[in-house]
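Below: the structure, in structure tokens.
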Amino acid sequence: MNYSIVVPIYGDGGLAGDLCVEVQRVMRAFTGREDLGAILELIFVNDGSRDNSLELLLPLQAEFDFVKIIDLSRNFGQHIAIACGFREAVGDVIIRMNVDMQDHPDQIPTLLEHMAATKADIVIGQYEQRESPLVNRITARLYYSFFRIMTGLDSPQNTSPLRVLSRRYVNAYNCLTEKTRFPQGLDQWLGFSPRYTRIAHRERLKGRSSYNFWSRLRLGLDGLLYFSERPLIIMMSLGLLLSAFGAMMGVLLVMMRLFLTSIEPGFTSLAAIGLFAFGVQLICLGVVGFYVGKIFKEVQNRPLYIIKDRFWS
Numbered sequence: 001m002n003y004s005i006v007v008p009i010y011g012d013g014g015l016a017g018d019l020c021v022e023v024q025r026v027m028r029a030f031t032g033r034e035d036l037g038a039i040l041e042l043i044f045v046n047d048g049s050r051d052n053s054l055e056l057l058l059p060l061q062a063e064f065d066f067v068k069i070i071d072l073s074r075n076f077g078q079h080i081a082i083a084c085g086f087r088e089a090v091g092d093v094i095i096r097m098n099v100d101m102q103d104h105p106d107q108i109p110t111l112l113e114h115m116a117a118t119k120a121d122i123v124i125g126q127y128e129q130r131e132s133p134l135v136n137r138i139t140a141r142l143y144y145s146f147f148r149i150m151t152g153l154d155s156p157q158n159t160s161p162l163r164v165l166s167r168r169y170v171n172a173y174n175c176l177t178e179k180t181r182f183p184q185g186l187d188q189w190l191g192f193s194p195r196y197t198r199i200a201h202r203e204r205l206k207g208r209s210s211y212n213f214w215s216r217l218r219l220g221l222d223g224l225l226y227f228s229e230r231p232l233i234i235m236m237s238l239g240l241l242l243s244a245f246g247a248m249m250g251v252l253l254v255m256m257r258l259f260l261t262s263i264e265p266g267f268t269s270l271a272a273i274g275l276f277a278f279g280v281q282l283i284c285l286g287v288v289g290f291y292v293g294k295i296f297k298e299v300q301n302r303p304l305y306i307i308k309d310r311f312w313s
């Protein structure tokens with residue numbers, strides 16, 4: 001059995017050395033082999049880091065014979081970097097994880113054993129309790145509830161980036177061509193009956209995440225709009241509702257003009273209604289524009305990524 005571990009890197013190459021040490025320790029104990037280079041590849045995909053991450057990664061190849069490095073020509077995004085790693089991986093089992101070790105390599109055997117016991121094609125870590133701020137936990141819970149309602153996909157909460165995948169699953173994943181990737185949705189769309197197993201979540205020991213509020217918001221919108229047409233249906237329904245309301249108001253005004261001697265102008269109420277309708281139109285136009293923008297990116301048919309260099313030991 002050969003194993004591939006895919007790890008995206010963006011500005012956190014300084015953490016890779018610690019990860020290599022832990023992966024080596026864990027995989028030697030799990031496989032009972034000292035010569036890991038024959039059965040293991042640890043693929044770091046440098047996603048256009050703006051710092052010296054690549055320079056920090058390169059010396060690791062002299063110390064660990066299982067390390068491989070891919071340097072992308074620019075920053076294409078974390079999930080595209082992962083897709084690149086999947087396409088380059090040659091293992092029978094592919095492991096996807098982050099470099100920050102919030103999901104510690106000690107938990108890799110747990111997922112591998114679960115895969116062997118259940119014959120599953122994909123096993124995903126699920127946190128017993130996430131070590132993150134309360135606000136983040138609340139917003140995540142609300143988002144996934146909303147995501148399930150809008151898409152009809154049963155995407156569990158508190159899933160981890162750490163997962164083990166069969167070669168059959170990765171071959172299917174590599175057939176995907178879309179430019180925007182939302183793993184929680186793709187896990188459900190691809191099928192293969194994902195299995196989940198409980199793992200611990202640790203605080204980040206070094207550095208800071210490259211994800212901020214806006215990048216998380218954009219990822220959430222991508223996931224919602226890429227896997228559902230319901231926002232468009234809601235907009236159409238809202239438009240019909242506002243049109244019906246406007247027609248009723250028109251009939252009411254005509255009746256008042258015909259049967260009442262005097263009518264208060266009601267400028268304030270009319271202005272409020274007009275501004276509300278205008279705001280709804282702008283929101284709907286923005287959602288449609290988001291869909292059109294995504295379609296534009298897809299029909300350009302550009303490659304998912306461009307590899308600048310490969311560094312194989």
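First residue of the sequence shown? That's 1 in full-length UniProt numbering, and the numbers climb one at a time after it. We put the beta carbon where it would ideally sit given N, CA and C, even for glycine.
Exercise for the section: Let me know the secondary structure DSSP gives Ser-145 once reduced to three states. Expected result: Helix.
Exercise for the section: Hey, could you find the ends of the beta strand (DSSP E) Thr-197 is sitting in? Expected result: 195-199 is the span of the beta strand (DSSP E), which, as asked, contains Thr-197.
Exercise for the section: Would you check if the distance between the CB atom of Asp-121 and the CB atom of Thr-159 is smaller than 9 Å? Expected result: No, the Cβ-Cβ distance between Asp-121 and Thr-159 is not below 9 Å.
Exercise for the section: Go through its chain and collect everything with a Cβ distance to Tyr-226's Cβ below 8 Å, but skip five positions before and after it. Expected result: In chain order, Glu-178, Thr-180, Phe-182, Gly-185, Lys-294 place their CB closer than 8 Å to the CB of Tyr-226, counting only its own chain and leaving out the 5 sequence neighbours on each side.
Problem - Cutoff 8 Å; reference Arg-202; Cβ partners in own chain excluding five residues on either side - result: Within the same chain, Arg-202 has close Cβ partners Met-101, Gln-102, Asp-103, His-104, Glu-131.
Handout entry: Anticipated Cβ contact below 8 Å, Phe-86 with Ile-69, distance rounded
Key = Between Phe-86 and Ile-69 the beta-carbon gap is near 16 Å, outside 8 Å, which marks them as no contact.
Practice task
Give me the Cα-Cα distance between Leu-142 and Gln-157, rounded to the nearest whole angstrom.
Solution key: Straight-line Cα distance between these residues: approximately 10 Å.
Exercise for the section: Would you be able to state if there are at least three C-beta pairs under 8 Å between the segment 12-21 and the segment 54-69? Expected result: Judged by Cβ distances under 8 Å, the segment 54-69 makes contact with the segment 12-21, as three or more pairs qualify.
Problem - Element boundaries [beta strand (DSSP E), containing Asp-71] - result: Asp-71: member of the beta strand (DSSP E) spanning 67-72, first to last residue.
Handout entry: With 16 other Cβ atoms within 10 Å as the buried cut-off, status of Ile-138
Key = So Ile-138 counts as exposed.
Practice task
Report yes if the CB atom of Thr-31 is closer than 9 Å to the CB atom of Leu-111, and no otherwise.
Solution key: Contact annotation: Thr-31 and Leu-111 have beta-carbon atoms that are not nearer than 9 Å.
Practice task
May I ask you to list the residues that DSSP assigns as paired with Thr-159?
Solution key: According to DSSP, which records beta bridges pairwise, Thr-159 is partnered with Gln-126.
Problem - Inter-residue CB distance, Tyr-305 and Leu-72 (contact presumed, cutoff 8 Å) - result: Their Cβ separation, rounded to whole angstroms, is 6 Å, which keeps Tyr-305 and Leu-72 in contact under 8 Å.
Practice task
Label Ser-237 either buried or exposed according to how many other C-beta atoms from any shown protein chain fall within 10 Å of its C-beta, with 16 as the threshold for buried.
Solution key: Exposed is the call here.
Problem - Burial state of Ser-90, where buried means 16 or more other Cβ atoms lie within 10 Å - result: The displayed chain sequence assigns Val, not Ser, to residue 90. Exposed, because fewer than 16 other Cβ atoms sit within 10 Å of the Cβ of Val-90.
Practice task
Go ahead and pull the three-state DSSP assignment for Ser-49.
Solution key: Correct three-state label for Ser-49: coil.
Exercise for the section: Buried or exposed for Ile-283, please, with buried defined as at least 16 other CB atoms from any protein chain shown within 10 angstroms of its CB. Expected result: When all chains shown are included, Ile-283 counts as exposed.
Problem - Rounded distance between the beta-carbons of Ile-5 and Val-23, thought under 8 Å - result: Yes, they are in contact, since the Cβ atoms of Val-23 and Ile-5 sit about 6 Å apart, within 8 Å.
Exercise for the section: Taking the CB atoms as reference points, tell me whether Arg-168 and Met-115 lie closer together than 9 Å. Expected result: It is not a contact, given that the beta carbons lie outside the stated cut-off.
Problem - Beta-carbon spacing of Ile-80, Arg-163 below 9 Å - result: Their beta carbons are not under 9 Å apart, which means Ile-80 does not touch Arg-163 by this criterion.
Problem - Beta-carbon separation (whole angstroms), Phe-76 vs Gly-37, contact threshold 8 Å - result: About 28 Å separates the two Cβ atoms, so there is no contact after all.
Exercise for the section: From the DSSP output, in three-state form, read off Phe-278 for me. Expected result: DSSP places Phe-278 in the helix class (H, G or I) of the three-state scheme.
Practice task
Verify whether the separation of the beta carbon atoms of residue 315 and Val-280 is less than 9 Å.
Solution key: Because the chain is modelled from 1 through 313, residue 315 falls outside the range shown and cannot be assessed.
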